[in-house]
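**Q**
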Amino acid sequence: MGYRNLRQCVDDLEQSGQLIRISQEIDPNLEAAEIQRRVYEAGGPAIYYSQLKGCSFPAVSNLFGTMKRTRYLFRDTLKRVQRLIDLKIDPTMAFKQPLKSLSVVPSALNMLPRKAWSSPVLENQTTISQLPQLKFWPDDGGAFVTLPEVYTENPDSPGLMQSNLGMYRVQLSGGNYQADQQVGMHYQIHRSIGFHHAAAIRKGEPLKVNIFVGGSPAMILSAVMPLPEGLSELTFAGALGGRAIRMASIKDHIPAYAEADFCISGTINPNQLLPEGPFGDHLGYYSLVHDQPVLDVKTVYHRKDAIWPFTAVGRPPQEDTSFGEIIHEITGPVIPTVIGGVKSVHAVDAAGVHPLLLAIGSERYVPYATVRKPQELLTCANAILGQGQLSLAKYLLIAAKEDYPELDANDIPGMFQHVLSRVQWDRDLHFQTKTTIDTLDYSGSGFNEGSKLVIAAAGPVCRQLPTEIPRDFHMPSSFHDPRIALPGILTVSAPAYRKEDETELEKFCKSFDRNSPINQFPLIVLVDDSEMASRTLNNFLWVTFTRSNPASDIDGIESFIEQKHWGCRGSLVIDARLKPHHAPPLIEDPAITKKVDQLGAPGGPLHGII
1 MGYRNLRQCV DDLEQSGQLI RISQEIDPNL EAAEIQRRVY EAGGPAIYYS
51 QLKGCSFPAV SNLFGTMKRT RYLFRDTLKR VQRLIDLKID PTMAFKQPLK
101 SLSVVPSALN MLPRKAWSSP VLENQTTISQ LPQLKFWPDD GGAFVTLPEV
151 YTENPDSPGL MQSNLGMYRV QLSGGNYQAD QQVGMHYQIH RSIGFHHAAA
201 IRKGEPLKVN IFVGGSPAMI LSAVMPLPEG LSELTFAGAL GGRAIRMASI
251 KDHIPAYAEA DFCISGTINP NQLLPEGPFG DHLGYYSLVH DQPVLDVKTV
301 YHRKDAIWPF TAVGRPPQED TSFGEIIHEI TGPVIPTVIG GVKSVHAVDA
351 AGVHPLLLAI GSERYVPYAT VRKPQELLTC ANAILGQGQL SLAKYLLIAA
401 KEDYPELDAN DIPGMFQHVL SRVQWDRDLH FQTKTTIDTL DYSGSGFNEG
451 SKLVIAAAGP VCRQLPTEIP RDFHMPSSFH DPRIALPGIL TVSAPAYRKE
501 DETELEKFCK SFDRNSPINQ FPLIVLVDDS EMASRTLNNF LWVTFTRSNP
551 ASDIDGIESF IEQKHWGCRG SLVIDARLKP HHAPPLIEDP AITKKVDQLG
601 APGGPLHGII
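Residue numbering for the sequence shown follows the numbering used here, beginning at 1 and increasing consecutively.
(1) Kindly indicate which residue of Lys499, Pro466, Pro495 has the alpha-carbon position closest to the one of Ile489.
(2) For the segment 311 to 331 and the segment 275 to 288, state whether three or more C-beta atom pairs, one from each stretch, are separated by less than 8 Å.
(3) Assuming the contact rule is C-beta atoms closer than 8 Å, Leu84 and Ala237 should be a hit. Round their C-beta distance to whole Å, please.
(4) Going by other Cβ atoms of all chains shown within 10 Å of its Cβ, with 16 needed for buried, is Ala179 buried or exposed?
(5) Provide the residue(s) that pair with Val300 in DSSP beta bridges, ordered along the chain.
(6) So what's Arg535 in DSSP terms, helix, strand or just coil?
(7) Cα-Cα, which of Val454, Pro413, Lys394 is closest to Thr537?
(8) Could you have a look at Gln8 and say whether DSSP puts it in helix, strand or coil?
(9) Go ahead and pull the three-state DSSP assignment for Tyr611.
(10) Using the beta-carbon count (16 or more within 10 Å), is Pro117 buried or exposed?
(11) Suppose contacts are defined by Cβ-Cβ distances below 7 Å. Is Gly241 in contact with Lys373 by that definition?
(12) Can you list, in chain order, the residues of its chain whose CB lies under 8 Å from that of Ile609, leaving out five sequence neighbours each side?
(13) Could you check how far apart the C-beta atoms of Ala457 and His418 are, in whole angstroms? I think they sit under 8 Å.
(14) Measuring straight from C-alpha to C-alpha, what distance separates Arg114 and Gly277?
(15) With distance defined between alpha-carbon atoms, name the residue in Thr593, Leu30, Leu606, Arg69 nearest to Glu319.
(16) Which of helix, strand or coil does DSSP assign to Met167?
(17) Met532 to Val170, Cα distance in whole Å?
(18) Taking only runs of the alpha helix (DSSP H) that begin and end inside the segment 532 to 572, which ones reach a length of at least 4 residues, in chain order?
(19) Fully enclosed by the segment 297 to 373, which alpha helix (DSSP H) runs are 4 residues long or longer?
(20) To which residues of the same chain is Glu14 closer than 6 Å at the C-beta, ignoring the five residues directly before and after it?
(21) Under 7 Å between the Cβ atoms of Ile22 and Tyr49?
(22) Where does the unbroken beta strand (DSSP E) through His196 begin, and where does it stop?
(23) Kindly indicate which residue of Ala199, Gln133, Gly166, Gln125 has the alpha-carbon position closest to the one of Pro158.
(24) Hey, quick one: how far does the beta strand (DSSP E) through Met185 stretch, first residue to last?
(25) Is Ile211 helix, strand or coil when you go by DSSP?
(26) I want to know whether the segment 542 to 552 touches the segment 342 to 358 - three or more CB-CB distances under 8 Å.
(27) Check Ser61 in the structure and name its three-state DSSP category.
(28) If we ignore side chains and look at the alpha-carbon of each, how far apart do Ile47 and Tyr442 end up?
(29) Pick helix, strand or coil for Tyr404, following the three-state DSSP scheme.
(30) Any idea what DSSP makes of Lys96, helix, strand or coil?
(31) What residue from Gln432, Pro293, Ser493, Thr593 has the CA that sits closest to Ile574's CA?
(32) Gly204 and Leu6: beta carbons closer than 7 Å?
(33) Suppose the cutoff is 8 Å on Cβ atoms and the five residues either side in sequence are ignored; what does the same chain contact list for Asn62 look like?
(34) Can the beta-carbon of Ser222 be found closer than 7 Å to that of Met161?
(35) Could you check which residue in Gln464, Glu329, His474 has the C-alpha nearest to that of Asn410?
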């Protein structure tokens, strides 16, 4: 049976040796976040902070810090939930086919949320300023909640089964917010809360919101689960947590999750926006200040033994990587039944998730063809880019399973080698321009605006990928230090980008023709520092795909346009230099780093961990 609340989870992790306590006072201003990042990087335990400076509530982080621990949290229910996913998360199927579904009947029953007759979370009240004021990066605009469970109901058809639970960024302080009366609500496009907000605006009424913090780990994970629109996350949380989610009534408001540790209750005025941010986000850069909705706070509730869970975000991988991995583990097998022809999809965490998708699809349209080329793959790609949050992808590399049945979308080097050894740049590049990209991605042409590129590869190997730089290799002046990132991929240090001189990419490409030795490398990436970009796979992925916008930052050797199709006859070149319109990358405060170093020194609470 799963945990009823966060306190049960913390106690269990401590008893099983998967959680340690820090009893000395920890500053919520940068220090706690640095501890979390360092412990996560070391593969360490969950951390319980007994004393946060200026706050009476304890906190916990790194609950999901390893996949082993994440699976442990849901050890009693994970297999049954995977079976429910196979039934397309329809609890009624368990009763329509009882002989086939006996093992999931308990989970199906738990999917239905219930009314709570008692509610620990509503027993006490506090204020926003008394909550842990966690700041995560030096230039953050204030304190933020990083594991919120934001609950709303559809104003057109209220009720638990038409509700939405999402993890949307919440700014507790700073900016122009009135202290203890307002908090910032940042949600990205393609999120269900947007549909509820739109309905409230249409009706001319405030949107009622409850922000839960804590409770069962199943509620935290459910808040980031990509469920179909119209299916309440409360049902999934009940199945994953092994017990029905209990919701308690609040007079003249939407209900509260009874077992939450905290509940910030209020409304969003349909006509009010205030600047929110900046915030060090999961792409590894600051998301900048933008006008976002504001929650007018009515009441802040908490249970008597409340614990504040948090995580620290930043350049991936971070703790939220475990969310993506467990979600893929649960939902991956059902993808072929949801998107026709698609065998698997991998959102690459090291590239910031949305900037890069790797996919495997079918290529069966013309099985008798003597020359195979992407056809059905393009149908698959369009289906992927029309699917919920997958539609925010910026680069999509898709390959045909028929060419190599053992191909694994999670094998990143293997996928690049497979695609680059088969792709034909004069045919297999398919752009979408002036479209939507991730709100947090500043490589595009504006807020939420950018382009997409589908690279589809089908057919036999057409080139061998070099792993060494040829002797007769030369480059134009001001470009230097070529280094191999992966077989067939060359990174080149280029002059720093200047807005007044946007021709470096074009100059580089025009320095070669299709007979130049550099074309042995099908993909070339211009970067600020080729040694850094090629040092590790994660560095290459992060630099290349978070710092480029396909429509503006791709060129090629002997490029051409034919019937509005862009291609090139030589190497494809991506300009992944930092540019003035990009958000600044995240950098730790050296003083805080030294302070946390002392916690890992002999005699410190983190000795032997970091």
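We treat Cβ as the ideally placed atom computed from N, Cα and C, and that holds for glycine.
**A** Working from what's here:
(1) Numbered from 1 along the sequence shown, position 489 holds the residue referred to as residue 489. Among Lys499, Pro466, Pro495, the Cα nearest to that of Ile489 belongs to Pro466.
(2) yes
(3) Translated into the one-based positions of the sequence shown, residue 84 becomes position 84. Translated into the one-based positions of the sequence shown, residue 237 becomes position 237. Actually they are not in contact, since the Cβ atoms of Leu84 and Ala237 sit about 12 Å apart, beyond 8 Å.
(4) As a position in the sequence shown, residue 179 is number 179, starting the count at 1. Exposed.
(5) Taking the first residue of the sequence shown as position 1, residue 300 is located at position 300. DSSP, once it has assigned bridges, lists Thr126, Ile264 as partnering Val300.
(6) Looking up residue 535 in the sequence shown gives position 535. It is helical.
(7) Sequence index remark: in the sequence shown, residue 537 carries index 537 (1-based). Reading off the sequence, residue 537 comes out as Leu, not Thr. Selected option, being the one with the closest Cα: Pro413.
(8) What you label residue 8 is simply residue 8 of the sequence shown in a count that begins at 1. Gln8: helix per DSSP, three-state reduction.
(9) Residue numbering for the chain in the displayed model covers 1 to 610; residue 611 lies beyond these limits and cannot be assessed.
(10) For this step, residue 117 is matched to residue 117 along the sequence shown. The sequence shown places Trp at residue 117, not Pro. Under this definition Trp117 is an exposed residue.
(11) Residue 241 sits at position 241 when you count from the first residue of the sequence shown. Residue 373 sits at position 373 when you count from the first residue of the sequence shown. In this structure, Lys373 does not lie closer than 7 Å to Gly241 by Cβ.
(12) Here residue 609 refers to the residue found at position 609 of the sequence shown. Here the set comprises Ile20, Val39, Ala42, Gly44, Pro45, Gly600.
(13) Position 457 of the sequence shown, counting from 1, holds the residue named residue 457. Position 418 of the sequence shown, counting from 1, holds the residue named residue 418. The Cβ separation is near 7 Å, so the contact holds.
(14) Taking the sequence shown and counting its residues from 1, the one referred to as residue 114 is at position 114. Taking the sequence shown and counting its residues from 1, the one referred to as residue 277 is at position 277. Roughly 37 Å between the two C-alpha positions.
(15) The residue given as residue 319 occupies position 319 in the sequence shown. Of the candidates Thr593, Leu30, Leu606, Arg69, the one whose C-alpha sits nearest the C-alpha of Glu319 is Arg69.
(16) Along the sequence shown, one-based indexing puts residue 167 at 167. Coil, per DSSP.
(17) Walking along the sequence shown from the start, residue 532 turns up at place 532. Walking along the sequence shown from the start, residue 170 turns up at place 170. In a straight line, the C-alpha of Met532 is about 34 Å away from that of Val170.
(18) 537 to 546, 550 to 553
(19) 320 to 331, 335 to 338
(20) Counting from one through the sequence shown, the residue named residue 14 turns up at place 14. None.
(21) Position 22 of the sequence shown holds residue 22. Position 49 of the sequence shown holds residue 49. In this structure, Tyr49 lies closer than 7 Å to Ile22 by Cβ.
(22) On the sequence shown, position 196 is the one that residue 196 refers to. No beta strand (DSSP E) holds His196; the alpha helix (DSSP H) holding it covers 192 to 203.
(23) Within the sequence shown, residue 158 is the residue found at index 158, counting from 1. Comparing Cα-Cα distances from Pro158 to each of Ala199, Gln133, Gly166, Gln125, the minimum goes to Ala199.
(24) Translated into positions along the sequence shown, residue 185 becomes position 185. Residues 182 to 186.
(25) As a working note, residue 211 is residue 211 in the sequence shown. In this structure, Ile211 counts as strand in the three-state DSSP scheme.
(26) yes
(27) In the sequence shown, the residue the question calls residue 61 occupies position 61. Ser61 falls in the strand class under three-state DSSP.
(28) Taking the first residue of the sequence shown as position 1, residue 47 is located at position 47. Taking the first residue of the sequence shown as position 1, residue 442 is located at position 442. Those two C-alpha atoms are separated by around 33 Å.
(29) Translated into positions along the sequence shown, residue 404 becomes position 404. Here Tyr404 sits in coil by DSSP.
(30) Walking along the sequence shown from the start, residue 96 turns up at place 96. With a pLDDT of 49 at Lys96, under the threshold of 50, the predicted position of this residue should be treated as unreliable, though the coordinate-derived value follows. Three-state result, Lys96: helix.
(31) Working through the sequence shown from its first residue, we reach residue 574 at position 574. Measuring from the Cα of Ile574, the nearest candidate turns out to be Ser493.
(32) Here residue 204 is taken as the residue at index 204 of the sequence shown, counted from 1. Here residue 6 is taken as the residue at index 6 of the sequence shown, counted from 1. Their beta carbons are not under 7 Å apart, which means Gly204 does not touch Leu6 by this criterion.
(33) Position 62 of the sequence shown, counting from 1, holds the residue named residue 62. Hits under 8 Å: Gln36, Val39, Tyr40, Gly44, Pro45, Ala46, Ile47, Thr311, Glu319.
(34) By one-based count along the sequence shown, residue 222 stands at place 222. By one-based count along the sequence shown, residue 161 stands at place 161. Contact flag unset, no.
(35) The residue labelled residue 410 in the question sits at position 410 within the sequence shown. Considering only alpha carbons, the answer is Glu329.
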